[in-house]
Structure formats: C-alpha cells, structure tokens
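Chains as they are written, first to last, in our numbering: chain A, 192 to 344; chain B, 4 to 151.
Ideal Cβ positions, reconstructed from N, Cα and C, are used throughout, including at glycine.
It should be emphasised that the depicted structure is a prediction, and the values quoted were computed from it without experimental measurement.
Accompanying notes for the structure given below.
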C-alpha cells in the first residue's frame, strides 16, 4: 500500500457536448479558451472538458451556453482529464462511460427540438404539453412468448 | 434550488436539463469526484476502498454481493440527500457494462419508496415525444420551485 495523493483537489470537471450543424467542438473550445483565465480546457471530439474552480467553470459554461443554447449539453465528470485510471491513452480503447454518452447523443436532437419548442410555450400550453402521456414499452404478451418458445423447437 | 436525483445517474440529458432549469442534479459524478479527491491509501483502479462495501451495508444486506454494496456507498448518500427525483423507465444505457442491474433495481426501489416528488418517464423516440419529454421535466422542476 502507498499513500494516495489526489490531484486537482477542490476543482470540478464538466463535459460540454455539442450536436449542432452550426457549432463545432473547435468553436466551443476556442470560445472557452478566450475567457479561460488559467482554467484547464481540453478539446475533444464531442466538445470539450473544463476543469477549474466551481466559480470559474460556471462562468465559462454560462458563456458557452449562449453560443448555441439548444444544442449544447453539459454534465459533471468525477475524474479530472488525463487521469491514468480512466484516460484511454493509458487503458486503450474507448472508456465505458462513452457508450452511455453515445447512446444519449443518438437521440439528443429530439431534446434540442423539445427545448426550442418549449421555450416559446406559455404557462398553460406548457402544462398541456406536459400532460401528454409518454407511453411506456408494452410488456411482451404471454401468448407471443409461448409462440416464440414453440418456434425454437 | 432543489437537489434532484437523476436516474440513470450518469445521464447527460437529465443532468443538463435539471441544471438548465435551475436545480442541482445529483448524479454519480459527484460521489466519484469526492472519492477521487479524498486522500488516503492507493486503492486501484478507481479509488474504491475496502471501507465502501461496509458503508453500503446501510442500504444492502451483508449477503448482497460486495459490488452492489460498493455502488450503494456511492449512491446511498445521494438518495438520502435528494429532495426530488427524475427516473427514466428501463434505460438501455444502464444495462450491461454501464452498470449493475441489481444495483439499479435497488436504487429505483429506494427512490420510489422515499417520500418526495418523483417524475417517471422514458426517453423520447421522435421529435414530438422530445417536446413532451422536455415539457414534462420543465413543468416538474417548475412545480418544485413553487413547493419550496
């Protein structure tokens, strides 16, 4: 056993994702660099990662959101960028978390559309839109399951 | 500003929407960050320590696999802290290498049991459903402000 000395204590790391025909990850990273003031910015294929004090990161994120408000998405990250336990430069291959991001990015355009549409809704029409049911997946019918079993034979 | 637990706890969409509409999303990144930034003894690969499965005993019995108890050591405190929850029904991304099915079941059970405002829905599959999805979350989070 050896002592574990953490790096970047007191910082937060945020992912910035962009899925837009008008804004590229490079635009995002450049805009972030312009107001970075010492905050660590890492450009990635999907947007960028920002690591710094909570106040600094919040300031940069507020600015980035204005670039393409409906198509920029932000979430927290536990590990700092380049951490040897997670960085794929050390591990090889995509890290498991990217599969989750990849899955959500496959339909994030629906969320962008929803954000744009709901922005213009009045209180009453928002309530009406929220009242529409999102049907849950129907469970598999027992007869169909039985039929599938019999086909296996 | 309410603390809203998001399930799946790694969800980009839920984390963004909750923060965008003025609340604090509680996801796994917060617990992981706390672990990663706490000094101690080296416990590779992701700084889980031998103490974590013991902490998990608060939420899962001793005969439950240590993996679940270890994960509950991350999620349990967040659930206790949560004032509301947004839950996605059967999210595909929480299956397989993204997580542990039994932990997810226990987590959703704990969220449903806790007396707090909850919103359960599923991911959208079209533009129209996208509007409904965002409207539901926006309305839910606005109602939270009123209650507070």
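Counting the other Cβ atoms within 10 Å of the Cβ of residue 38 (chain B) gives 16 or more, which makes it buried. For the stretch 87-100 of chain B, the set of residues with a beta-carbon nearer than 9 Å to any beta-carbon of chain A comprises 92, 93, 94, 95, 96, 97, 99, 100, in chain order.
Within 9 Å of the CB of residue 194 (chain A), the CB atoms of chain B belong to 42, 43, 44, 45, in sequence order along the chain.
Rounded to the nearest angstrom, the gap between the Cα atoms of residue 277 (chain A) and residue 284 (chain A) is 11 Å. DSSP places residue 27 (chain B) in the uninterrupted beta strand (DSSP E) bounded by 27-29.
Residue pairing by DSSP places residue 238 (chain A) opposite A:208 in a beta bridge. For the stretch 8-22 of chain B, the set of residues with a beta-carbon nearer than 8 Å to any beta-carbon of chain A comprises 11, 13, 14, 15, 16, 18, 19, 20, 22, in chain order.
A direct Cα-to-Cα measurement between residue 308 (chain A) and residue 134 (chain B) gives close to 7 Å. Leaving aside the five residues that flank residue 281 (chain A) on each side, the residues in its chain whose CB is nearer than 6 Å to its CB run, in chain order, 275. For residue 71 (chain B), there are no neighbours in chain A by C-beta distance under 8 Å, as the nearest C-beta there is about 18 Å away.
With a threshold of 8 Å between beta carbons, residue 142 (chain B) makes contact with chain A.
In this structure, the straight-line span from the alpha carbon of residue 141 (chain B) to that of residue 317 (chain A) is close to 8 Å.
For residue 122 (chain B), the three-state secondary structure derived from DSSP is strand.
In its chain, beyond the 5 residues on either side, 31 have a beta carbon closer than 6 Å to the beta carbon of residue 13 (chain B). The stretch 295-314 of chain A and the stretch 115-135 of chain B touch, with no fewer than 3 CB-CB distances between them shorter than 8 Å.
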